[in-house]
Structure formats: structure tokens, C-alpha cells
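Residue numbers are given in our numbering: position 23 of the sequence shown equals residue 23, and the series is strictly consecutive.
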Amino acid sequence: MQKRIALIYGTTEGQTRKIAEHVAQALRKAGADVALMHAAELPLDWTPANSDAIVVAASVHQAQVQPYVRDFVERHADDLNAMPTALVLVSLNAALGEMADVPPPEYAKALRDQTGWSPTVVEHAAGALRYTEYNWLKRMVMRKIAGDQGMSTDTSRDVEFTDWEALDRFAKAFHDVLRTA
């Protein structure tokens, strides 16, 4: 039987939307029926009960996910804890690995502490430097941070760190969890 998955996402510069679209496509390829929705634009009649599982994807900025994503999770924490769920956290720190000033698992722990939701599966995905999307001040701040970490400081182009194959493996593994649930 085809599983119904709601993939709810929040994005700031667009990389998390791109990642959510990729994960949705990978889940569809695995055989799931996926509804992809922006967390700030959910239909008024939407409810977690319409899904067999939920994936939440959010980008991390200044150690926090988007407030509207956190509010969604907090509002639906009981429902989320009662079904198979996954959390995809997108950050530049995921690209840095052990060199990250804040290890990516700390972001998932902070969200759990804030909302009470404990996802079944957590995936940390490296994001992108969207220099072309930033205003001048943010571009200079991000350039400094990137330079300190040995990343590209060429602000004339965006730099993507996302491992698309790792996201494919995550989607397949999560779908396999659903088949046995």
C-alpha cells in the first residue's frame, strides 16, 4: 500500500526548498505519495491525520530554524510523536563536519527541547552559500564566516554543498522504515 507522506518545509534563501523537492521526488520514486507544502502556507484544513508520515525540512540560521517551522512543530508535536517522522536540517555547519563551531546534532536537540518533538529519523544536509541572494551586509558577513572556515569567498556566485546522493539514501531509508511500520 502506498504511504502518504506530508513533506513540510521552511526556507530562507531557497536551498531548503530545493532539498525538500529533491527528497519528495526520491520518496515518490521509492513508491510514496508525497504532498510537498511550505510550512507558512499550509491549507487551513490541513491536519497530520491526513498522512501516514511527515517529513519536516528546515534551514538553520543563527542556530535556529524558521519561527514558523518551530511553531508548526510545536503545534503538532503530539501528532508528530505518534507517527513515523523525519527531520531534515539544512545548515552550513553540516558541510564543515567536525570543524563546525556547533555540531549539527545540537540543532535537532534544541528543536526537540523547544517543541517536545522527537523525530524518528534526523538527517543533516549541507546547505549553500547564496551570496547572490544576500543583501550587501549579509553577503560581507557570510563572506567573512566562509573565509574563516576555508570556504569560497567569491561573492559573485552561489556555492552549493548539498550531497544529493546522501539525500537519496536518506529518502530510501525513511521509506523502508515506513514499509515496516
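Beta carbons: idealized from backbone N, C-alpha and C, even for Gly.
So for Q114, helix, strand or coil by DSSP?
helix
Going by the beta-carbon positions, is the gap between A40 and Y68 smaller than 9 Å?
yes
Are the CB atoms of T188 and V122 nearer to each other than 9 Å?
The requested residue 188 is not part of the displayed model; the chain covers only 1 to 181.
Go ahead and label W136 buried or exposed: buried means 16 or more other beta carbons lie within 10 angstroms of its beta carbon, across all protein chains shown.
exposed
What are the boundary residues of the beta strand (DSSP E) that includes Y9?
R4 to G10
What's the gap between the Cα of S152 and the Cα of T180?
43 Å
Count Cβ pairs between the stretch 161 to 180 and the stretch 132 to 147 that sit closer than 8 Å; are there 3 or more?
no
Out of A49, N50, Q66 and S51, which one is the CA nearest neighbour of A57?
Q66
May I have the straight-line CA-CA distance separating N81 from Q114, to the nearest angstrom?
14 Å
Do I54 and I5 come within 9 Å of each other at the CB atom, strictly closer than that value?
yes
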